[in-house]
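*Asks:* Which chain is which? The protein sequence lines are A and B, in order.
Each residue of the first sequence is one higher than the one before, counting from -6 in the working numbering.
Each residue of the second sequence is one higher than the one before, counting from -6 in the working numbering.
Glycine included, every Cβ here is placed at the ideal spot set by N, Cα and C.
As the structure is a prediction and not an experimental result, all values here were calculated from the model.
Number of protein chains: 2
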Amino acid sequence: MIAVAVVGAETPGNIGTIARAMKNFGLSELYLVDPPELDPEGEAYGFAGSAREDVLPNATETTLAELVEQFHTVGTTATTNEDARKHVRYPFKTPEELAASLPAVETDTCLVFGRERVGLTNAELAQLDEVVSIPASADYPVLNLGQAATVLLYELRELTVAETQHPETVERADEREIEGLHEQFETLLTAVNHPEEKRGKTARLFRRLIGRAHPTPRETRTLRGVFRRASEFASPPDE
Amino acid sequence: MIAVAVVGAETPGNIGTIARAMKNFGLSELYLVDPPELDPEGEAYGFAGSAREDVLPNATETTLAELVEQFHTVGTTATTNEDARKHVRYPFKTPEELAASLPAVETDTCLVFGRERVGLTNAELAQLDEVVSIPASADYPVLNLGQAATVLLYELRELTVAETQHPETVERADEREIEGLHEQFETLLTAVNHPEEKRGKTARLFRRLIGRAHPTPRETRTLRGVFRRASEFASPPDE
């Protein structure tokens, strides 16, 4: 199980944004340390989308010490010390590395996010088990709190989302249908009197284009139908 | 070059959030179609972080038609039709698939985001070249506009961020240092009279633990120093 904790946030809107991202990416357990007041008519609920119905009202107020006792804790920092001499924010994992490492361990994990401007303090980070840092532009690596949480929860989605809104795979036409399209294209080239010496080359060009696009069954059938009609217009069947 | 366009947004704060994410992930060219008024004292600038200094004031107001003419356009949708019969939102790429496919093509690309509640209309999407959709929980796949843009720009960062804030790799101790640590650990086991028949097993346990953790040079040296001190206390050198 993966939980989320927000420590010392000042802006209710950010807590709402985090609650929404949690629901978008299949999480539900939200802990708040020293939260601002969350007015049901205010920004936290306004930013939470449909997480206003569950994640946000079910959030638990707690302390960092209790989280450390209960969870494998992962602190988040925007920037990291750039060398190995300091051990508060280093070594760190990227979100991808965290996503790859968590499934190997059976543990309840809590992702801990800090304050808007200063993040987690060194004293808080020192109590946590791991550190994660989102790679961003060296010119401006500091993400907004809600945006940082959204990116991290997105990256962990394969551990937390049971079922996505997407179909399992994009349906691709089978080879027989695609070969039928190519045959129809060659028929069209003949019907429109495309120069005979260029037909092979043009057919290969079309094969490469279709090969890159991985057409759906409907795309393949529709295009084949268009080419058939065009071929018929160019050389009527009773000719 | 990758640009970003926001069509018909109602909330200035979302435009500020998108501008901030652009700067975090190395982008600068922002286009606005039918934007709300962006008051320099208002939410767009308030949410933009340091992008209030460049990305946001340099944004260009334009039309969708001009974007379509100028760019390879990629529309973003929260949900997709679940089958191949409709071609407005299908086939789609995931952000990962988009990131993998864009480098293969030399083109100016524009990521097009829609309105807060309804996104891009079917008529708008029909004009765009590709569709991208973020995988999320089937229960609640609708991301907030600013959060969706943040995720997509994060996913494209390897194409757009010239240099991140992270050191290139986490520095790992070299093997010689790590073997030195293991020798010191074995010395410690002897010094503290760890049962002789268990020493080999305990040393292997410690080797596995260290092997998984990939220690930094400093971690390795520090731990070796601690073990040396402990060994000396347990069996003084003049003994």
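For A97/A, does the count of other Cβ atoms within 10 angstroms reach 16, so buried, or fall short, so exposed?
*Replies:* Flag for A97/A reads exposed.
*Asks:* Consider the Cβ of A129/A: report whether some Cβ of chain B lies at a distance smaller than 8 Å.
*Replies:* Output row for A129/A: interface = yes.
*Asks:* Between R13/A and S21/A, what straight-line distance do the alpha-carbon atoms span, to the nearest angstrom?
*Replies:* Straight-line Cα distance between these residues: approximately 10 Å.
*Asks:* What are the uninterrupted segments assigned as beta strand (DSSP E) that are 3 or more residues long and contained completely in the stretch 54 to 123 of chain A, given in chain order?
*Replies:* Runs found: 65 to 70, 102 to 106.
*Asks:* Contact between the stretch 29 to 42 of chain B and the stretch 55 to 73 of chain B: three or more CB pairs below 8 Å?
*Replies:* No, the stretch 29 to 42 of chain B is not in contact with the stretch 55 to 73 of chain B.
*Asks:* Grab me the residues of T56/A's own chain with a C-beta within less than 8 Å of its C-beta, minus the 5 sequence neighbours each way, in chain order.
*Replies:* Correct list, in chain order: V26.
*Asks:* Which partner residues does Y24/A have in the DSSP bridge list?
*Replies:* The partner list for Y24/A (beta bridge, DSSP) reads A(-2)/A, T53/A.
*Asks:* Got a sec: is the Cβ-Cβ distance from L136/A to anything in chain B below 8 Å?
*Replies:* Taking Cβ atoms only, chain B reaches closer than 8 Å to L136/A, which makes this a yes.
*Asks:* For a quick check, are the C-beta atoms of I171/A and I203/A less than 8 Å apart?
*Replies:* Yes; because the gap between Cβ atoms is below 8 Å, this pair is in contact.
*Asks:* Can you give me, in chain order, the residues of the stretch -6 to 23 of chain A that have a beta carbon less than 8 Å from any beta carbon in chain B?
*Replies:* Answer set for the stretch -6 to 23 of chain A: T10, R13, A14, K16, N17, F18, G19.
*Asks:* Rounded to whole angstroms, what's the CA-CA distance from G173/B to F220/B? Just pull it up for me.
*Replies:* Roughly 11 Å separates the two Cα atoms.
*Asks:* Does chain B have any CB closer than 8 Å to the CB of P96/A?
*Replies:* False, the Cβ-Cβ gap to chain B never drops below 8 Å.
*Asks:* Is there a Cβ from chain A that is less than 8 Å from the Cβ of A223/B?
*Replies:* No, no contact with chain A.
*Asks:* Quick one: which chain B residues come within Cβ less than 9 Å of R200/A?
*Replies:* What R200/A touches in chain B: nothing, since even the nearest Cβ is about 18 Å away.
*Asks:* Can you tell me which of the three DSSP states V185/A falls into?
*Replies:* Coil, per DSSP.
*Asks:* Taking 6 Å as the limit between beta carbons, can you name the residues of its chain near P5/A, skipping five residues before and five after?
*Replies:* Contacts found: P29, L31, G35, E36, A37.
*Asks:* Would you mind listing the alpha helix (DSSP H) stretches within the stretch 133 to 180 of chain B that are 4+ residues and don't spill past its ends, in chain order?
*Replies:* Segments of the alpha helix (DSSP H) lying fully in the stretch 133 to 180 of chain B: 138 to 148, 150 to 153.
*Asks:* Considering only residues of the same chain and omitting the five flanking positions on each side of F199/B, which have a CB-CB separation below 8 Å?
*Replies:* H175, F178, listed in sequence order.
*Asks:* Comparing alpha-carbon positions, which option in V124/A, T215/A, T100/A lies nearest A166/A?
*Replies:* Checking every option, the nearest Cα to that of A166/A belongs to T215/A.
*Asks:* What does Y38/B touch in chain A if you count any residue whose Cβ is under 7 Å from its own?
*Replies:* Chain A residues near Y38/B: none, gap ~14 Å exceeds 7 Å.
*Asks:* Could you work out which residues of chain A lie near G173/B, taking near to mean beta carbons separated by less than 8 Å?
*Replies:* The contacting residues do not exist; G173/B stays about 17 Å from chain A at best.
*Asks:* Excluding the 5 residues flanking A2/A on each side, which residues of the same chain have their C-beta closer than 7 Å to its C-beta?
*Replies:* Closer than 7 Å at the Cβ level, and outside the excluded window around A2/A, lie I8, P28, P29, R108, E109, L138.
*Asks:* Along the chain, where does the alpha helix (DSSP H) containing L216/A start, and where does it finish?
*Replies:* Unbroken alpha helix (DSSP H) run through L216/A: 210 to 227.
*Asks:* Is the CB of V144/A under 8 Å away from at least one CB in chain B?
*Replies:* By this cut-off, V144/A is an interface position.
*Asks:* For M(-6)/B, is the classification buried or exposed, using 16 other Cβ atoms within 10 angstroms of its Cβ as the cut-off for buried?
*Replies:* So M(-6)/B ends up on the exposed side.
*Asks:* Shortest alpha-carbon distance to P251/A belongs to which of E212/B, A155/B, R217/B, Y24/B?
*Replies:* Absent from the structure is residue 251/A, since the part of chain A shown begins at -6 and ends at 232.
*Asks:* What number of angstroms, rounded off, separates the C-alpha of Q140/B from the C-alpha of T143/A?
*Replies:* Their Cα atoms are separated by approximately 6 Å.
*Asks:* For S126/A, write down the residues that DSSP places opposite it in a beta bridge.
*Replies:* S126/A is bridged to T70/A.
*Asks:* Which of the residues in the stretch 190 to 221 of chain A, read from start to end, lie with their CB under 7 Å from any CB of chain B?
*Replies:* For the stretch 190 to 221 of chain A, which is checked against every Cβ of chain B, the residues closer than 7 Å are T209, P210, R211.
*Asks:* Inspect the beta-carbon positions of V125/B and L152/B and report whether they are closer than 8 Å.
*Replies:* Result no, Cβ atoms of V125/B and L152/B do not sit closer than 8 Å.
*Asks:* Closest by CA to V222/B, which one among E190/B, L181/B, E54/B, K86/B?
*Replies:* In the sequence under discussion, the amino acid at residue 222/B is Arg, which differs from the Val named in the question. Of E190/B, L181/B, E54/B, K86/B, the residue nearest in Cα terms is L181/B.
*Asks:* How about G68/B: is its C-beta nearer than 8 Å to some C-beta of chain A?
*Replies:* Answer no: the Cβ-Cβ gap between G68/B and chain A never drops below 8 Å.
*Asks:* Any beta-carbon of chain A closer than 8 Å to the one on R150/B?
*Replies:* Cβ-Cβ to chain A under 8 Å: yes for R150/B.
*Asks:* With DSSP as the reference, label T5/B as helix, strand or coil.
*Replies:* Per the sequence shown, the amino acid found at residue 5/B is Pro instead of Thr. Helix, per DSSP.
*Asks:* Helix, strand or coil for L31/A per DSSP?
*Replies:* Three-state DSSP puts L31/A in coil, outside helix and strand.
*Asks:* If the cut-off is 9 Å on Cβ atoms, which residues from the stretch 82 to 93 of chain A count as contacting chain B, listed in chain order?
*Replies:* Listed by position along the chain: Y83, P84, F85, K86, T87, P88.
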